[in-house]
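The structure under discussion appears below in the form of structure tokens.
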Amino acid sequence: MTEPVFSLKNVVVTVGENTEILKSLNLDIFDGDFITVLGTNGAGKSTLFNAIAGNLPISTGQILHHNHNIANESAVTRTNYIARVFQDPKMGTAPRMTVAENLLLAEKRGAKRRLRSRGLTKEKLNEYATITKTMGNNLDTRLQTATGDLSGGQRQALSFLMATRVKPELLLLDEHTAALDPKTSEQLMLATNQQVTENHLTALMITHNLADALEYGNRLIILNAGQIVLDVRGEDKDMLTEEQILKYFIA
Numbered sequence: 000m001t002e003p004v005f006s007l008k009n010v011v012v013t014v015g016e017n018t019e020i021l022k023s024l025n026l027d028i029f030d031g032d033f034i035t036v037l038g039t040n041g042a043g044k045s046t047l048f049n050a051i052a053g054n055l056p057i058s059t060g061q062i063l064h065h066n067h068n069i070a071n072e073s074a075v076t077r078t079n080y081i082a083r084v085f086q087d088p089k090m091g092t093a094p095r096m097t098v099a100e101n102l103l104l105a106e107k108r109g110a111k112r113r114l115r116s117r118g119l120t121k122e123k124l125n126e127y128a129t130i131t132k133t134m135g136n137n138l139d140t141r142l143q144t145a146t147g148d149l150s151g152g153q154r155q156a157l158s159f160l161m162a163t164r165v166k167p168e169l170l171l172l173d174e175h176t177a178a179l180d181p182k183t184s185e186q187l188m189l190a191t192n193q194q195v196t197e198n199h200l201t202a203l204m205i206t207h208n209l210a211d212a213l214e215y216g217n218r219l220i221i222l223n224a225g226q227i228v229l230d231v232r233g234e235d236k237d238m239l240t241e242e243q244i245l246k247y248f249i250a
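Here numbering that gives the first Met the number 0 is used: the first residue of the sequence shown is 0, the next is one more, and so on.
Dropping the structure here:
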């Protein structure tokens, strides 16, 4: 197996005086991994994402990016190679900017250039119409609409497209379908899987939907009390059942 793109080595995250949320957690993330992440409330899932993204400092351990320790890098610096889609559709987009302007802004991730309206050429708008149409929710007809006026599903689809517009080395999907109705959630999940698979993205996806965790991705991990208690991939993952997974949620 090749070297991991990201590695967490004995990562501990402590809050307060001595409450450990992550406990000497180890995780190797390889190029092209699509990892579904399960765990009860308080298991450490969001803390794991916050530690990787740099939004929460780790107490001890290392977070390696191509064998370089990034534990002291700021969250802003890490956005050059890590993208994240949150559960709340309102996060990750600029509400007063149009759909097209948000997509143009996303293309500038990691660059020092400022957004310029003249960047929205006819060719660029046609390009955006093509990529938004893949989401299957009429987002392509609302390119000139302020993002704040979109439905929750359309706004979340836009957040996903923005996160992947410039291919990140790691995509963090933080329960990105949880706030949507079942039909919209399924629609976004199908589009997510297509984008991740076709573009060979490396992704971690937190979900509480056991069916989604089993159906999507090549790998599945379960967190419990700040540690990874199950890590399976390939055929071993394919053989898992919801009943087997539920055993890890029984105290």
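Each residue gets a CB set at the ideal place from its N, CA and C atoms; glycine is no exception.
Would you report the Cα separation of residue i and residue j, rounded to the nearest angstrom?
i	j	result
Asp139	Thr129	7 Å
Ala210	Thr176	13 Å
Arg232	Ile205	16 Å
Asn101	Val12	34 Å
Lys132	Lys121	16 Å
Ile20	Lys44	9 Å
His65	Lys166	17 Å
Glu242	Tyr127	42 Å
Ala156	His67	32 Å
Asp235	Asn217	10 Å
Asn17	Glu185	40 Å
Phe5	Ile249	30 Å
Thr76	Thr46	19 Å
Leu172	Thr1	24 Å
Tyr215	Pro181	16 Å
Asn79	Glu197	22 Å
Name the residue from the options whose alpha carbon lies nearest to the alpha carbon of residue i.
i	options	result
Phe33	Asp237, Leu245, Thr133, Leu203	Leu203
Leu7	Gly15, Asn136, Phe48	Phe48
Lys246	Phe5, Thr39, Asn217	Thr39
Met96	Arg141, Ile249, Asn217, Glu185	Arg141
Phe29	Leu213, Leu170, Gly151, Pro94	Leu170
Gln193	Pro181, Ser150, Glu241, Gly135	Gly135
Leu168	Ser58, Asn68, Arg83	Checking the sequence shown, residue 168 turns out to be Glu, not Leu. Of the candidates Ser58, Asn68, Arg83, the one whose C-alpha sits nearest the C-alpha of Glu168 is Arg83.
Thr260	Thr240, His207, Thr191	With the chain covering only 0 through 250, there is no way to say anything about residue 260.
Thr240	Asn223, Asn208, Ala224	Asn208
Gly15	Thr35, Leu55, Leu37	Leu55
Val195	Thr1, Phe5, Thr35	Thr35
For the alpha helix (DSSP H) that residue i lies in, which residues bound it at each end?
i	result
Met188	181-197
Lys44	44-52
Thr163	151-164
Thr39	It is not in any alpha helix (DSSP H) - Thr39 carries neither H nor E in the DSSP assignment.
Asn79	It is not in any alpha helix (DSSP H) - Asn79 carries neither H nor E in the DSSP assignment.
Gly233	233-237
Ile62	That residue, Ile62, is in no alpha helix (DSSP H); its beta strand (DSSP E) goes 59-64.
Leu102	98-106
Ile69	Counting along the chain, Ile69 falls outside any alpha helix (DSSP H), and DSSP gives it neither H nor E.
Sorted by chain position, which residues of the same chain lie with C-beta nearer than 8 Å to residue i's C-beta, five sequence neighbours on each side aside?
i	result
Ile227	Leu24, Asn25, Leu26, Ile220, Ile221
Leu124	Ala99, Leu142
Gly151	Pro88, Ala178, Leu179, Thr183
Leu119	Ala99, Glu100, Leu103
Asn137	Gln153
So, under 8 Å CB-CB, residue i and residue j are touching, yes? Tell me the CB distance rounded to an integer number of Å.
i	j	result
Pro88	Arg154	4 Å
Gly91	Ser158	4 Å
Ala93	Thr146	6 Å
Ile51	Ile81	7 Å
Ala224	Ala74	The pair is not a contact, with the Cβ atoms about 26 Å apart (cut-off 8 Å).
Ala105	Met161	4 Å
Start and end of the beta strand (DSSP E) containing residue i?
i	result
Leu24	18-28
Phe248	First-last for Phe248: undefined, no H or E at that position.
Val4	No beta strand (DSSP E) contains Val4, which DSSP labels as neither H nor E.
Leu219	218-223
So, for residue i: in the same chain, excluding its five sequence neighbours on each side, which residues have a beta-carbon less than 6 Å away from its beta-carbon?
i	result
Glu174	Gln86, Ile205
Asn9	Ser23, Gly60
Ile62	Leu7, Ile69, Ala70
Pro3	Asp27, Ile28, Phe29
Arg108	Val165
Leu37	Ala212, Ile221
Arg112	Per-residue confidence for Arg112 stands at a pLDDT of 49, beneath the threshold of 50, marking its modelled position as unreliable; the derived number appears in the next sentence. Within the same chain, Arg112 has no close Cβ partners at all.
Met238	none
Closer than 7 Å by C-beta to residue i: which residues in its own chain qualify, once you throw out the five before and the five after it? Chain order, please.
i	result
Ser116	Because Ser116 carries a pLDDT of 49, less than 50, the predicted location of this residue cannot be relied on, and the following value inherits that uncertainty. Correct list: empty, nothing qualifies.
Asp230	Ile220
Gly31	His199, Thr201
Glu72	Gly53
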